[in-house]
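Have a look at the structure below before the remarks.
There are 2 protein chains.
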Amino acid sequence: MASETVENYLKGIYAIEKHLDGKGVSTNAIAEHLQTKASSVSDMLKKLKQSGLVDYKKYHGASLTAEGRSKAIEIIRRHRLWEVFLVDKLNFKWDEVHDMAEQLEHVEGKALSDRLDAFLDFPRFDPHGDPIPDAEGRIRDDRQKQALSTLATKDRGVVVGVLDSSAPFLKYLDHLKLKLGTSLLVEEVIDFDKSVKIIVGKQSHSVSHQFAKNLLIQKEA
Amino acid sequence: MASETVENYLKGIYAIEKHLDGKGVSTNAIAEHLQTKASSVSDMLKKLKQSGLVDYKKYHGASLTAEGRSKAIEIIRRHRLWEVFLVDKLNFKWDEVHDMAEQLEHVEGKALSDRLDAFLDFPRFDPHGDPIPDAEGRIRDDRQKQALSTLATKDRGVVVGVLDSSAPFLKYLDHLKLKLGTSLLVEEVIDFDKSVKIIVGKQSHSVSHQFAKNLLIQKEA
DNA sequence: ATATATTTTTAGACTAATCTAATTATTAGT
DNA sequence: ACTAATAATTAGATTAGTCTAAAAATATAT
Chain P
69 MASETVENYL KGIYAIEKHL DGKGVSTNAI AEHLQTKASS VSDMLKKLKQ SGLVDYKKYH
129 GASLTAEGRS KAIEIIRRHR LWEVFLVDKL NFKWDEVHDM AEQLEHVEGK ALSDRLDAFL
189 DFPRFDPHGD PIPDAEGRIR DDRQKQALST LATKDRGVVV GVLDSSAPFL KYLDHLKLKL
249 GTSLLVEEVI DFDKSVKIIV GKQSHSVSHQ FAKNLLIQKE A
Chain Z
69 MASETVENYL KGIYAIEKHL DGKGVSTNAI AEHLQTKASS VSDMLKKLKQ SGLVDYKKYH
129 GASLTAEGRS KAIEIIRRHR LWEVFLVDKL NFKWDEVHDM AEQLEHVEGK ALSDRLDAFL
189 DFPRFDPHGD PIPDAEGRIR DDRQKQALST LATKDRGVVV GVLDSSAPFL KYLDHLKLKL
249 GTSLLVEEVI DFDKSVKIIV GKQSHSVSHQ FAKNLLIQKE A
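Chains as they are written, first to last, in the working numbering: chain P, 69 to 289; chain Z, 69 to 289.
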């Protein structure tokens with residue numbers, strides 16, 4: 069009976085943990101991620117510890133327990149499956165699905181996500197290129213992905229994901245005719261501001277370093 | 069921004085209103101329907117009136133305003149569409165979908181229900197035979213349905229709906245090989261206890277009056 | 001190592017929705 | 001019309017989650 073709020077905390081802590089290695093997630097980081105106040109987070113961490121979902125020592129941050137992590141992964145699984153459904157079956161665009169998936173992910177029922185998974189033919193990635201955990205919570209993602217900003221002049225690669233899935237960024241990608249699977253060539257990396265000239269199809273575009281940091285590429289040999 | 073709770077109140081009041089004609093729905097009736105206490109209902113009715121969703125005079129019951137009714141119908145639309153999805157696409161059985169639909173119905177987004185509707189090919193009835201309101205909230209159900217309990221000996225008809233969609237009742241129907249569209253013949257109505265002998269396919273069954281009151285039939289000429 | 005800055009926690013209040021118990025209105029029976 | 005029964009409302013408490021402001025702990029800088 070995890071409440072929606074609890075689920076959002078678990079998901080948030082999981083997301084922050086991924087970027088850190090090992091150590092506890094700070095109260096402030098959680099507060100910022102969830103757009104709430106540190107005091108609320110402190111309160112909630114006490115409860116989550118009580119429920120055995122996080123390890124938590126006052127003033128020393130929190131980390132998910134095995135149970136907490138498993139719940140977080142199930143929510144991420146649901147979120148990404150629903151996104152696939154919304155895009156592939158209901159024909160929404162990839163910049164339109166986040167808010168709906170954010171609600172759908174809280175609908176309970178293990179059978180529901182498993183059957184949805186089967187109905188969608190066990191997709192491995194969601195519309196933004198993020199890997200979808202399988203029914204046992206395993207996340208298998210063996211792609212060698214790296215930010216466009218880490219490529220060098222003349223490197224060639226394929227778009228495999230984004231680090232920013234906000235609507236503005238995704239719409240800009242659409243504008244540049246960039247989607248998952250699109251090939252591109254790095255024509256030039258400008259030393260001055262680290263902006264990148266890329267060639268997509270027959271078009272050449274100059275994109276900012278900020279942009280390049282958020283686009284994930286699988287480099288071609 | 070109607071909360072889930074508010075949506076459930078509107079749906080509940082709508083359901084009760086249908087059985088009554090015209091007059092206000094009583095506090096107690098709502099409390100019973102929503103499995104809550106009359107005092108909670110009193111509180112909530114004040115708020116719903118405040119929001120313009122119900123007309124309400126203390127001690128004299130409540131009724132939906134046009135806006136409240138429209139919201140209620142949208143929720144019923146979502147509920148029934150999701151039920152179709154769960155049964156037709158995810159292969160759940162008709163006795164398994166209620167709780168999931170109960171959660172899914174609260175997911176917001178007019179585009180969501182409309183696209184789901186299209187994806188399902190604009191179904192007119194849900195898996196229990198209840199009509200699905202269209203995108204404009206119109207409920208078109210021109211079937212001449214009546215409870216099995218109102219049929220007479222030798223009457224013939226087709227199952228078109230249920231008044232009780234609880235899992236036990238639906239499972240019993242499965243057991244009797246009765247589903248939407250199944251033809252049956254009333255072999256005999258027992259005067260003593262109003263139980264009904266029906267013939268389904270080659271099988272003859274005796275069902276209680278209680279049962280017969282909950283099965284909706286379209287009589288054949 | 002100590003003062004300062006930062007982070008985190010606590011204390012106390014607020015909101016939405018609920019409950020129980022007590023009170024007040026309405027309805028029904030004679 | 002008056003009393004008894006029923007139904008509905010209010011009063012006051014409770015819970016989950018949040019907030020602000022104040023206090024306490026930890027981290028940083030010289």
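Every residue, glycine too, gets a C-beta built ideally from N, C-alpha and C.
{"Item": "Contact set for S276 of chain Z: own chain, Cβ-Cβ below 7 angstroms, skip 5 residues either direction", "Value": "S263"}
{"Item": "CB contact check: R146 of chain Z to chain P, cutoff 9 angstroms", "Value": "no"}
{"Item": "Length of the line joining the Cα atoms of L154 of chain P and L149 of chain Z", "Value": "15 angstroms"}
{"Item": "6 angstroms Cβ shell around P195 of chain Z - same chain, five flanking residues per side excluded", "Value": "E151, V155 and W162"}
{"Item": "Segments of 3+ residues assigned as beta strand (DSSP E) that fall wholly inside the segment 170–231 of chain P", "Value": "213–215 and 224–230"}
{"Item": "Near-chain P residues of the segment 153–186 of chain Z - C-beta to any C-beta below 9 angstroms", "Value": "L154, K157, L158, N159, F160, E164, D167, M168, Q171, L172, H174, V175, E176, G177, A179, L180, R183, L184 and A186"}
{"Item": "For H243 of chain P: DSSP bridge partner residues", "Value": "According to DSSP, H243 of chain P bridges with nothing at all."}
{"Item": "Beta-carbon spacing of G120 of chain P, T104 of chain P below 9 angstroms", "Value": "no"}
{"Item": "Reference D210 of chain P; option with closest CA among P:E173, P:P199, P:E75 and P:L88", "Value": "P:P199"}
{"Item": "Counted within 10 angstroms of its Cβ, other Cβ atoms place F190 of chain Z as buried (16 or more) or exposed", "Value": "exposed"}
{"Item": "First through last residue of the alpha helix (DSSP H) which encompasses D111 of chain Z", "Value": "A106 to Q118"}
{"Item": "Neighbourhood of A169 of chain Z by C-beta distance below 6 angstroms, restricted to the same chain and skipping five residues each side", "Value": "H147, W150 and E151"}
{"Item": "Own chain partners of L248 of chain Z with C-beta closer than 7 angstroms, once the 5 adjacent residues on each side are dropped", "Value": "G197, V227 and V228"}
{"Item": "Same chain, Cβ closer than 7 angstroms to Q278 of chain Z, neighbours up to 5 away in sequence not counted", "Value": "none"}
{"Item": "Contact check, H101 of chain Z vs G129 of chain Z, beta carbons under 9 angstroms", "Value": "no"}
{"Item": "Start and end residues, beta strand (DSSP E) containing V254 of chain Z", "Value": "S251 to V257"}
{"Item": "Extent of the continuous alpha helix (DSSP H) run through Y346 of chain Z", "Value": "With chain Z running from 69 to 289 in the structure shown, residue 346 of chain Z is simply not present."}
{"Item": "Reduced DSSP category for K126 of chain Z - H, G, I as helix; E, B as strand; rest coil", "Value": "coil"}
{"Item": "Status (buried if at least 16 other CB within 10 Å, exposed otherwise) for P201 of chain Z", "Value": "buried"}
{"Item": "Endpoints, the alpha helix (DSSP H) within which S233 of chain Z is located", "Value": "That residue, S233 of chain Z, is in no alpha helix (DSSP H); it is neither H nor E in DSSP."}
{"Item": "Beta-carbon proximity check, R137 of chain P vs Y77 of chain P, cutoff 9 angstroms", "Value": "no"}
{"Item": "V275 of chain Z - DSSP class collapsed to helix/strand/coil", "Value": "strand"}
{"Item": "Among Z:L241, Z:N96 and Z:Q286, nearest to T218 of chain Z - alpha-carbon criterion", "Value": "Z:Q286"}
{"Item": "Closest residue to K91 of chain Z among Z:A70, Z:K270 and Z:D123 (Cα-Cα distance)", "Value": "Z:D123"}
{"Item": "Contacts around K222 of chain P, its chain only, beta-carbon distance under 7 angstroms, and the 5 residues preceding and following it disregarded", "Value": "V254"}
{"Item": "Proximity below 9 angstroms, CB of L284 of chain P to CB of V230 of chain P", "Value": "yes"}
{"Item": "For S94 of chain Z, the three-state DSSP class (helix, strand or coil)", "Value": "coil"}
{"Item": "Residue span of the beta strand (DSSP E) that contains L158 of chain P, given as start and end", "Value": "Segment: none, L158 of chain P is in no beta strand (DSSP E) and carries neither H nor E."}
{"Item": "Proximity below 9 angstroms, CB of I141 of chain P to CB of H174 of chain P", "Value": "no"}
{"Item": "Through-space distance from E176 of chain P to Q214 of chain Z, alpha-carbon basis", "Value": "35 angstroms"}
{"Item": "Three-state class that DSSP yields for L149 of chain Z in the structure shown", "Value": "helix"}
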